Every structure is written in C-alpha cells, then in structure tokens.
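Q:
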Amino acid sequence: DAGITQSPRHKVTETGTPVTLRCHQTENHRYMYWYRQDPGHGLRLIHYSYGVKDTDKGEVSDGYSVSRSKTEDFLLTLESATSSQTSVYFCAISDYLNTGELFFGEGSRLTVL
Amino acid sequence: GESVGLHLPTLSVQEGDNSIINCAYSNSASDYFIWYKQESGKGPQFIIDIRSNMDKRQGQRVTVLLNKTVKHLSLQIAATQPGDSAVYFCAENPTNFNKFYFGSGTKLNVKP
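Residue numbers (the working numbering), protein chains in the order written: chain A, 9 to 121; chain B, 82 to 193.
Written out as structure tokens, the structure reads:
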C-alpha cells in the first residue's frame, strides 16, 4: 500500500468551528488531491496540488482552503464548518500528471453538528 | 460538473460468473477513463484505465471496454470471486489531466 496517512480519521465538530485535516505521504509523489465522498455523488474533487505551494481548485472548492508547505503534507482547512460539509474526505496522491492511478488514503470521516 | 453515471446502482452475481458494470459519460472530449474499486471502510483502489484511442484493454481478470460512439464504458470481471464484492467507480478526465470526475458507483455483491 502507498504510504498515505490521514488524520484525524474521525472528527465531530460544531457548526462554525475551524477544522483542519492532514494528509501525509511518504512516497515523495508530486501530486496530491483532496476529495469528498457523499452518497449519490461519488467522489468530488475539492482541491489539488501539483507541487509545494502550488494548488488549484476542484469542482467543490467553496468553503475549503488548502496548503502545501512540504512535499509530504497537504492540509485541508474548513475555516467555518457547516453541516453540508459533513462527509468522508479522501486524500490521494500520484506521481505523474497524465495518470488516473491515484493512491488513496483511508479517509477521514467528519461530522458537523 | 461532468456527468458520469451508472446504469445499475447494485449488481448481484453468483461466484464464478462474469460481472459487467456499466458507466455512461457525457463529455465527448473526455479522453481518459479509469475504474476504481472501493471496499467497505477503505479508500478507492485503482483497477484499470483506458485512453480514448483504444476500445478495449485487459488486465488480470478484468477488461474495460470503451464505446465512444455512445459514450459508454464497461468493466468486465471474469470468474467473479467473493473478494470482488465492493463498490466500483468509473471516472473520466475531460480536459485537465489533474481533474477526474467520478461516477456515483455500483455496488457489486458476489453470492457464494
């Protein structure tokens, strides 16, 4: 399995609080992604990174920000969590631009009350 | 976002039979497609991919077929095993190599 660690794996928080999810990789892969998974929607891309300090938006980026200060870490921040952000969040990595062979982490389940 | 859908949300097959999971996509500009498998409580796992210059690609016990005329993708699993029970997603890459659009998934149940 690819060396991807997500933390925390489970979190319950209240509306309006900030939340940060961390993705840590030991593969030295260039590309990192954050997806959310919801019933009926499959996986939807939030943000991705193509290098240190280089990030771009996905299809559902509103309400989320990301940062990547080191190759191995990609942080997803919810500045003010809302109930609509209750979801399972997956981090993924890849080494090449032109590939769908993404390696996913185990997921982080976030519940916003 | 892009429309990537599936014909059947749940598929039940007998162990040893072949399984066929279907997927429709809407963007004719998509040139790269991927199938993923997701077991309960785990992240998705890459199975196989295919580019638009091909109409068939085979892996170990899996075959992906691409019909660009009707914008349809299918995943065939030969001699389905209990370990194949999972949710299967197709994904397409329309214009930006960094952005993949996933379907909502098909759950495959393998009956012993």
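Even for Gly, the Cβ is constructed at its ideal location relative to N, Cα and C.
Just so you know, these numbers come straight off a predicted model, no measurement behind them.
Quick one: what's got a C-beta closer than 6 Å to serine 84 of chain B's C-beta in the same chain, skipping five residues either side?
A: Note that serine 84 of chain B has pLDDT 41, beneath the 50 cutoff, so the model's placement of it is unreliable and the number below is only indicative. If we look at serine 84 of chain B and ignore the five residues flanking it on each side, its Cβ neighbours are Ser107.
Q: Give the straight-line distance between the Cα atoms of lysine 65 of chain A and leucine 53 of chain A, rounded to the nearest whole angstrom.
A: Approximately 8 Å, taken between the alpha carbons.
Q: Identify whether aspartate 165 of chain B lies in helix, strand or coil by the three-state DSSP scheme.
A: Three-state result, aspartate 165 of chain B: helix.
Q: According to DSSP, is serine 7 of chain A helix, strand or coil?
A: The first residue shown for chain A is 9 and the last is 121, placing residue 7 of chain A beyond what the model contains.
Q: Phenylalanine 98 of chain A versus chain B: which residues are under 8 Å apart at the beta carbon?
A: The answer, in chain order, is Gly124, Pro125.
Q: Looking at the strands, I want to know which residues DSSP matches up with asparagine 103 of chain B.
A: DSSP lists B:Ser155 as partners of asparagine 103 of chain B.
Q: Starting from the Cα of leucine 86 of chain A, find the closest Cα among A:Ser116, A:Pro26, A:Arg44, A:Leu51 and give me that residue.
A: For the residues A:Ser116, A:Pro26, A:Arg44, A:Leu51, the minimum Cα distance to leucine 86 of chain A belongs to A:Pro26.
Q: With distances taken between CB atoms, is the gap from arginine 142 of chain B to aspartate 112 of chain B smaller than 8 Å?
A: No; because the gap between Cβ atoms is not below 8 Å, this pair is not in contact.
Q: Please list, in chain order, the chain B residues whose beta carbon lies closer than 9 Å to that of glutamate 114 of chain A.
A: Gly122, Lys123, Gly124, listed in chain order.
Q: Quick check: is the beta carbon of lysine 149 of chain B nearer than 8 Å to any beta carbon in chain A?
A: Chain A contact via Cβ: absent.
Q: Given 8 Å as the limit, is there contact between the region 158–170 of chain B and the region 20–35 of chain A, that is, 3 or more CB pairs closer than that?
A: Result no; under three Cβ-Cβ pairs closer than 8 Å.
Q: Taking C-alpha atoms, which residue in B:Thr150, B:Glu120, B:Thr91, B:Tyr117 lies nearest to alanine 110 of chain B?
A: The option with the nearest alpha carbon to alanine 110 of chain B is B:Thr150.
Q: Going along chain B in order, which residues have a C-beta closer than 7 Å to the C-beta of glycine 11 of chain A?
A: Result: empty, since nearest Cβ-Cβ is about 13 Å, beyond 7 Å.
Q: Shorter than 8 Å from the beta carbon of glycine 66 of chain A to some beta carbon of chain E?
A: No chain E is present in this structure, whose protein chains are A and B.
Q: Count the other CB atoms, across all protein chains shown, that sit within 10 Å of the CB of leucine 89 of chain B; report buried if there are 16 or more and exposed otherwise.
A: Caution is warranted here: a pLDDT of 46 is assigned to leucine 89 of chain B, below 50, making its placement in the model unreliable, and no coordinate value can be reported.
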